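Residue 1 is where the sequence shown starts when you use this note's numbering, and the numbers rise one by one after that.
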Amino acid sequence: MQSSHSRRFIVPKRYQGAARSWLDEADRPRRSARLASSVVLVRDSAEGTETWLDYRPGNSPLGAVAFPGGSVQNADHDTFDWFGPSVGQWAEMLGVDDFSIARAHVVAAIRELFEETGVLLAGTDATTVVEGTGTAEWTRAREAVSNEEIGFGELMSKRGLGLRTDLLRPLVHWISPDFAHRRFDTRYFAATLPEGQTPMLLPSKGVWGEWVLPARLLAHRETSELGDRIGEEDTKGLPLAELLVPASEIILEKIAKAKGCIAYLNLKRSTHTYQAHLEEEDGRLWLRVEAPTSAPATAALSAIPHP
C-alpha cells in the first residue's frame with residue numbers, strides 16, 4: 001500500500017489575488033482543466049544528474065520556470081507510427097480508462113519536447129533515434145509545427161519516422177489548484193537525452209532554457225539566484241518556490257537524490273496525483289499537497305535503453 005504525507009507550499013505572489021477571491025466566494029465554480037503533458041529531460045554530468053528547465057511567460061499553469069511541456073492539441077490524435085508500449089499499456093501506466101486520452105498525452109509529450117527543445121524521441125524503427133536535430137532545416141520544422149503550419153503527424157510521416165514511446169517514463173500527475181484562472185491536468189514524463197541531440201530554444205518563442213543541477217538549485221532555493229539568472233520581470237528577486245509549481249519542486253528533489261539518470265528513469269513508481277488544496281493560516285495562504293512516501297511498482301516497462 002502506498003503511504004503519503006502532507007506538504008505545504010507557498011502560494012506564489014502572482015496567484016495571491018485569484019486565491020483570495022476563491023476563498024471569499026465560496027460558491028465560485030472552478031475553471032475546467034485542459035489536458036497537458038510535460039517532459040523531464042535528464043542527463044548525467046560529473047556533478048550529478050541534470051535536467052532541462054525553461055522560462056514560461058504569461059502565468060503558465062506549469063509555472064514561470066518549468067520542464068518542457070504544454071497543452072494537448074487536437075492534432076495529437078492524428079495517426080503516427082508507434083514504437084514502444086501499446087496504447088493500452090500506456091493507459092494502464094497512466095491510470096486512465098480512455099485509451100485516446102492516454103495516447104494523446106504521450107504524443108503531446110513528444111511533440112512539446114520537440115517544439116521547445118528540438119529533442120525528438122523518434123526513429124525509423126524500434127532501435128534507432130534520429131540525430132542532428134539542431135540544424136536550420138529541423139529548426140524550420142519546429143517553427144512550422146509550433147505555428148500549426150504542419151501537423152506533427154504529417155512531419156513524422158514525411159520523414160519516415162515513428163514515435164519512440166519506449167524512451168518515455170511516466171512520472172506524476174499534477175492538477176492545477178481550483179482557484180487558478182488557467183488550469184492544466186498535466187501528465188509528467190521523463191526521458192534521457194538521446195545521443196546526437198542537443199536542446200536548443202525555439203528562436204521565435206524561447207527566452208531562457210538551460211541544463212541545471214537540481215541539487216545545486218535546491219541548495220539555493222531560498223535565494224533568487226535562478227530568478228536573477230533568468231532576468232525576466234516576473235523572475236528577478238524571487239525564490240525558487242515562487243517560480244515552480246509544487247509538482248516541479250518535488251520532481252527536482254527526486255532527481256537530486258538519483259544515482260544517475262538511467263537509475264532515475266528505471267525506478268519503479270506509481271503515477272501519483274498531486275493536487276494542491278488552498279488553505280489559510282494566520283492570514284497566510286498555503287497550498288497543501290499529499291506527497292507519496294513510498295512508491296509501489298506500477299505497470300512494468302523493460303529497462304530503458306540508452307538511445
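Think of the CB as a built atom: it goes at the ideal place given N, C-alpha and C, for glycine as much as any other residue.
This one's a predicted model, so the numbers in the text were calculated from it and none came from an experiment.
Three or more pairs of CB atoms, one per stretch, sit closer than 8 Å, so the region 177-188 contacts the region 8-20.
According to the DSSP assignment, Ala36 belongs to no alpha helix (DSSP H) but to the beta strand (DSSP E) extending over Ala33 to Ser45. Pairing Gly95 with Pro170, the inter-Cα distance amounts to about 10 Å. Separation of the CB atoms of His5 and Ala291 is rounded to 6 Å, and the pair is thereby assigned contact status at 8 Å. Burial of Ser248 is indicated by the presence of at least 16 other C-beta atoms within 10 angstroms of its C-beta. The straight-line gap separating the alpha-carbon atoms of Pro203 and Val212 is approximately 21 Å. The continuous alpha helix (DSSP H) containing His105 extends over residues Phe99 to Thr117.
When DSSP states are grouped into helix, strand and coil, Gly160 belongs to the coil group. Boundaries of the alpha helix (DSSP H) harbouring Ser248: Pro246 to Lys257, taken from the DSSP string.
Cβ-Cβ separation between Ala276 and Pro177: approximately 5 Å, consistent with a contact (criterion under 8 Å).
Taking 3 residues as the shortest admissible run, the region 186-271 contains the following complete beta strand (DSSP E) segments, listed from N- to C-terminal end: 209-212. For Ser146, the enclosing alpha helix (DSSP H) begins and ends at Ala136 to Ser146. Take the alpha-carbon of Asp81 and the one of Ile10: they are about 43 Å apart.
For Asp166, same chain residues with a beta-carbon under 6 Å away, outside a window of 5 residues either side, are Gly84 in chain order.
Burial of Arg269 is indicated by the presence of at least 16 other C-beta atoms within 10 angstroms of its C-beta. Around Leu168, the same chain offers Val39, Gly84, Val106, Ala109, Ile110, Leu121, Phe189, Ala190 and Ala191 as residues with beta carbons nearer than 8 Å, after the five sequence neighbours per side are excluded. Contact between Tyr264 and Val65 does not hold, since their C-beta atoms are separated by about 20 Å, which reaches or exceeds 8 Å. Here Gly88 carries a helix assignment [DSSP, helix/strand/coil].
Between the alpha carbons of Gly58 and Leu287 lies a gap of roughly 21 Å. The three-state reading of DSSP puts Ser176 in coil, since its state is none of H, G, I, E or B.
The C-beta separation of Asp44 from Gly260 comes to about 6 Å, placing the pair in contact by the 8 Å criterion. In terms of CA proximity to Phe114, Leu193 leads the group Thr127, Glu92, Leu193 and Trp208. Beta-bridge partners assigned by DSSP to Arg284: Glu281.
When the Cα atoms are used, Thr117 and Lys236 turn out to be separated by approximately 23 Å.
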